[in-house]
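Working notes, structure below.
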Amino acid sequence: MKHSARVRFAPSPTGHLHIGNARTAILNWLFARHVGGTFILRIEDTDPERSKSEYVNRIYEDLNWLGIQWDEGPDTEGEFGPYRQSMRFELYQRYANKLREEGKAYNCYCTPEELEQMRKDAVREGRQVTYNRKCLHLSDAEEQELIHAGRKPAVRFKVPEGQVEFEDVVKGTISFDVENIGDFVIMRAEGIPTYNFACVVDDSLMQISHVIRGDDHVSNTPRQILLTQALGMDVPLYAHIPMILGADRMRLSKRHGATSVDEYRAKGYIPEALINFLSLLSWSSQSGDEILSVDRLIKEFDFSRISKSAAVFNVEKLDWMNGQYIREMDVEKLTQLAIPFFDKAGYETTDYEKTKKIVAALQDKIDYLEQIIDQAKIFFQDHITIDETDARAVIRKDTSQKVFWSFLRELRNIDRIDVDIFRNIMKSVQKETGIMGRDLWMPIRVALTGKVHGPELPVVIELFGKDKCQRLVENIVGGYR
RNA sequence: GGCGCGUUCGUCUAGCGGUUAGGACGCCGGCCUCUCACGCCGGUAGCACGGGUUCGAGUCCCGUACGCGCUACCA
487 MKHSARVRFA PSPTGHLHIG NARTAILNWL FARHVGGTFI LRIEDTDPER SKSEYVNRIY
547 EDLNWLGIQW DEGPDTEGEF GPYRQSMRFE LYQRYANKLR EEGKAYNCYC TPEELEQMRK
607 DAVREGRQVT YNRKCLHLSD AEEQELIHAG RKPAVRFKVP EGQVEFEDVV KGTISFDVEN
667 IGDFVIMRAE GIPTYNFACV VDDSLMQISH VIRGDDHVSN TPRQILLTQA LGMDVPLYAH
727 IPMILGADRM RLSKRHGATS VDEYRAKGYI PEALINFLSL LSWSSQSGDE ILSVDRLIKE
787 FDFSRISKSA AVFNVEKLDW MNGQYIREMD VEKLTQLAIP FFDKAGYETT DYEKTKKIVA
847 ALQDKIDYLE QIIDQAKIFF QDHITIDETD ARAVIRKDTS QKVFWSFLRE LRNIDRIDVD
907 IFRNIMKSVQ KETGIMGRDL WMPIRVALTG KVHGPELPVV IELFGKDKCQ RLVENIVGGY
967 R
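Numbering-wise, the numbering used here puts 694 at position 208 of the first sequence, and it's gapless, one number per residue.
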């Protein structure tokens, strides 16, 4: 019986953190924090074909950006390390030998080609496609012969007979008939452990209490339980969480658009919003609330409220939720987040107060930061072009010219302009011309921004300043084009 | 093919034998308003199918269909 929960997130370093993996990490982390347990980061880099060392840093970056801290991991102290499987090969070798010595595993000299042939034959004859145990009863002499012939053995686990049943924390009782599981390889011929083996050795040695992972692993679970038992170790609790799917209900992949945490960061999503959104995929708060702080997520985390079925990743809802976070955010903080996007677009940000006002004006018009580039464009152009049909129509109206002349006359009476002064001016213009409402405001908006939509006009005017306003309206007076 | 898991509005979900099947996103309409957006109000739409069990089934059981996963010397 373990006294405190120990959970692990065990990604393969194959690139940036995938959305699905991120959710697994989040749920592990939330659970660990909920029970005051330990959250461990373990890098599963046994496959040299797929894993790249530099990708480990990307995983760190993505996790850090999300605000997920691990208690034990490759870069921390910890009595259960090392936390990278590529540094634990001797361990796997040792345990594989142990199983072999105990008769629970055996050398297999079959080549991939032979295995493939056996599989084909089995399918053709309608038999089970499990390994036929050809190498189980090799005599010493036969084994020597194969070794002399240059064959390197893989190690296969001798699967015992019977049933494997376990109580999945989210899915309930799951049972398998072991006869459907063939003897599987635990050590590849090159001395590298396979996933199921390395995973079991590590989970056992690291004293993992709860294995929380995607439900694409349920079919691996009986293998892992059998191995754990063969090793004489304690079997952990398993919690298989539902997969995240694309709009076509297929496993989320590149074809579905942005699928890595990194891409959402680049577009200017808020980490807390992403965590909130991902948490709500297959989980819900009893309160029915949807906007939930990390503190609440930790407090309310509960396996019994995780649903059993897969969830489709719906970007529209993420956008809405992210927009909620942006709207609630302190302008100061939002400005800090927006500046890199302004810089990227080549917008001047040296006047911090001005930048802040622009951000404030746009705060409720964007769902994620990248959208502010388009929205802020009007504040950083000296000349305007009017190419929207609606905007041109506004300028062509007779009343618009009257508004412009009157507006310009009013401007002569002042030397600076702000929100209040502008409002007064508009009142005067209205009084003088008799024009009001849309016909009164739209011409000014189009003259200043070239567009028929945008932030509140008084705010735009103040940010532009008197001179720019005057210049732009003068440019258009007499008819644009 | 075998094995496993799953199936409530288009999507995310609530529901844990008795509900007009609730909420959220989206969409549509309205209000606010110089515009868009925000916000607010309202509307749209769902228990995969067939058998049981029960006085009563979205809820329990069994089938079927469909989907996904595993079936690798990938993880």
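Every residue gets a Cβ at the ideal spot worked out from N, C-alpha and C, and that includes glycine. Small disclaimer: the values here were computed from a predicted structure and weren't measured.
C-alpha gap between residue i and residue j, whole angstroms
i: Ser886; j: Asp850; result: 29 Å
i: Gln772; j: Gly718; result: 40 Å
i: Glu786; j: His520; result: 8 Å
i: Asp781; j: Asn762; result: 11 Å
i: Gln861; j: Phe893; result: 26 Å
i: Arg494; j: Leu527; result: 6 Å
i: Arg509; j: Ala733; result: 17 Å
i: Ser490; j: Phe517; result: 12 Å
i: Gly754; j: Ala824; result: 8 Å
i: Ile784; j: Asp873; result: 51 Å
i: Arg791; j: Trp769; result: 6 Å
i: Val889; j: Val932; result: 12 Å
i: Glu981; j: Leu712; result: With the chain covering only 487 through 967, there is no way to say anything about residue 981.
i: Ala676; j: Pro598; result: Going by the sequence as given, residue 676 is Glu instead of Ala. Their Cα atoms are separated by approximately 13 Å.
i: Asp654; j: Lys840; result: 56 Å
i: Val959; j: Asn899; result: 16 Å
i: Arg957; j: Val817; result: 30 Å
i: Glu651; j: Ala716; result: 16 Å
i: Leu601; j: Leu632; result: 16 Å
i: Asn961; j: Thr871; result: 11 Å
i: Asp720; j: Arg674; result: 25 Å
i: Asp853; j: Glu647; result: 56 Å
Status (buried if at least 16 other CB within 10 Å, exposed otherwise) for residue i
i: His726; result: buried
i: Lys590; result: buried
i: Gly832; result: exposed
i: Val915; result: buried
i: Met736; result: exposed
i: Arg967; result: Here the model assigns Arg967 a pLDDT of 42, short of 50, so the residue's position is not dependable and the matter cannot be decided.
i: His869; result: exposed
i: Arg895; result: exposed
i: Asp837; result: exposed
i: Thr680; result: buried
i: Gly809; result: buried
i: Pro826; result: exposed
i: Ala582; result: buried
i: Ala759; result: buried
Backbone secondary structure at residue i - three-state DSSP
i: Thr659; result: strand
i: Arg751; result: helix
i: Thr524; result: strand
i: Met912; result: helix
i: Cys1035; result: Absent from the model: residue 1035. The displayed extent of the chain is 487 to 967, so no value can be given.
i: Trp891; result: helix
i: Ser705; result: helix
i: Arg813; result: helix
i: Cys596; result: coil
i: Ala518; result: helix
i: Arg494; result: strand
i: Glu558; result: strand
i: Arg898; result: helix
i: Ala797; result: strand
i: Ile792; result: strand
i: Gln822; result: helix
i: Lys649; result: Reading the sequence as shown, one finds Gln at residue 649 and not Lys. It is a strand residue.
i: Leu717; result: coil
CB-CB length for residue i against residue j, believed under 8 Å
i: Asp548; j: Asp748; result: 6 Å
i: Val905; j: Pro944; result: 4 Å
i: Ile554; j: Leu738; result: The Cβ separation is near 19 Å, so there is no contact.
i: Met692; j: Phe566; result: 4 Å
i: Thr524; j: Arg574; result: Wrong, their Cβ atoms sit about 19 Å apart, outside the cutoff.
i: Val641; j: Ile667; result: 16 Å between Cβ atoms; not a contact.
i: Phe470; j: Glu834; result: With the chain running from 487 to 967 in the structure shown, residue 470 is simply not present.
i: Tyr724; j: Val687; result: With a Cβ gap of about 17 Å, Tyr724 and Val687 do not count as contacting.
i: Arg536; j: Ser498; result: 6 Å
i: Ile756; j: Ile812; result: 7 Å
i: Asn593; j: Met604; result: Contact doesn't hold; Cβ gap of about 17 Å is too wide.
i: Ala448; j: Pro941; result: Since the first residue shown for the chain is 487 and the last is 967, residue 448 is missing from the structure and cannot be characterised.
Residue i - partner residues in DSSP beta bridges
i: Leu679; result: Note on residue identity: the sequence assigns Pro, not Leu, to residue 679. Met673, per the DSSP bridge assignment.
i: Gly700; result: Ile727
i: Asp654; result: Gly658
i: Arg737; result: Leu731
i: Ala591; result: Phe643
i: Ser746; result: His504
i: Ile529; result: Arg570
i: Trp769; result: Ile792
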